[in-house]
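For what it's worth, this note's numbering labels the leading residue of the sequence shown as 58, then goes sequentially. All C-beta atoms in this analysis are idealised placements derived from N, C-alpha and C, irrespective of residue type, glycine included. Comments concern the structure below.
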Amino acid sequence: MKTQKIVIVFGVILLIVLVGFLVYLFALSSAYTLNKPDKRPFFITTKPIVVKGILVPKGTKIIYKKQYFWEKQEQKKPLQEKNIIQIAFAEGATILWGGVPITSIVKFYNSEMNGFTVYADFSSLHKETRFSTLWQNCNDGLGITVEDNDDWSFNTKNILDVESCGVNYRRYYKDDENQQKHLDDLYHALMIIED
């Protein structure tokens with residue numbers, strides 16, 4: 058009788074562990090599926106519209122954070138602006154951001170940080186400025202911290218700092234004076250641009 062109770066208790070514990078493990082695997086696979094870039098919902102603009110404070114042209118792809126596993130990929134209308142994680146302009150299309158033609162804007166992955174990374178197309182640059190030259194030296198995305206995460210426009214009143222420029226310049230490396238100086242120079246040059 059005692060052996061039978063032990064076997065039953067052991068079986069129940071094993072069943073609980075197995076169910077817990079299966080739930081854990083399902084949660085992991087769901088999180089992976091929800092966050093895969095090709096599985097995120099998106100909307101392609103059919104006319105110019107204002108998004109995150111920016112007038113975007115027709116054909117702009119607006120990518121959203123996935124909320125539910127049953128969400129379709131392509132949307133018939135824009136979703137909530139607070140869930141935008143990327144704005145990508147159509148092939149060959151750019152808008153000016155700080156006088157520099159840009160191809161896309163991507164929200165910072167770290168949700169603790171208010172800001173985004175702006176990607177330039179320097180081959181379309183018509184007018185060089187100190188800001189564009191400093192940015193071009195990094196030859197990569199420009200990380201911008203902002204006060205209001207709902208405004209991705211070139212609004213110097215909202216821009217708090219230049220967080221990064223490519224992989225070579227990051228605020229994170231506070232002890233590296235060259236990195237900090239380059240980012241400071243970029244920020245000061247950005248503040249005097251009129252867009």
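Excluding the 5 residues preceding and the 5 following residue i in the sequence, name in chain order all residues of the same chain whose CB lies nearer than 8 Å to its CB.
i	result
residue 113	102, 105, 106, 107, 119, 144, 146, 152
residue 184	156
Residue i by DSSP, collapsed to three states: which one?
i	result
residue 136	coil
residue 65	helix
residue 244	helix
residue 143	strand
residue 234	helix
residue 70	helix
residue 221	strand
residue 254	Missing from the structure shown is residue 254; the chain here goes from 58 to 252 and no further.
residue 214	coil
residue 164	strand
residue 122	coil
Taking residue i as the reference, give the member of the options with the closest Cα.
i	options	result
residue 237	246, 109, 226	226
residue 216	196, 206, 141	206
residue 248	150, 115, 69, 156	156
residue 166	117, 131, 121	121
residue 177	186, 164, 160	160
residue 148	181, 132, 154, 137	181
residue 199	124, 244, 235	244
Below 6 Å CB to CB, which residues in the same chain sit around residue i once its five sequence neighbours on both sides are set aside?
i	result
residue 135	100
residue 162	144, 173, 175, 209
residue 140	121, 122
residue 213	248
residue 186	156
Determine, for residue i, whether the minimum Cβ-Cβ distance to residues of chain C falls below 8 Å.
i	result
residue 112	Among the chains of the structure shown, chain C does not appear; only one protein chain is present.
Using a Cβ-Cβ cutoff of less than 7 Å, which residues in the same chain neighbour residue i once the five nearest sequence positions on both sides are dropped?
i	result
residue 240	219, 222, 226, 228
residue 98	121, 123, 128, 129, 130, 132, 136
The segment 186-195 in contact with the segment 158-171 per 3-pair CB rule at 8 Å: no
Unbroken stretches of the beta strand (DSSP E), 3 residues or longer, contained in the segment 176-206: 199-203
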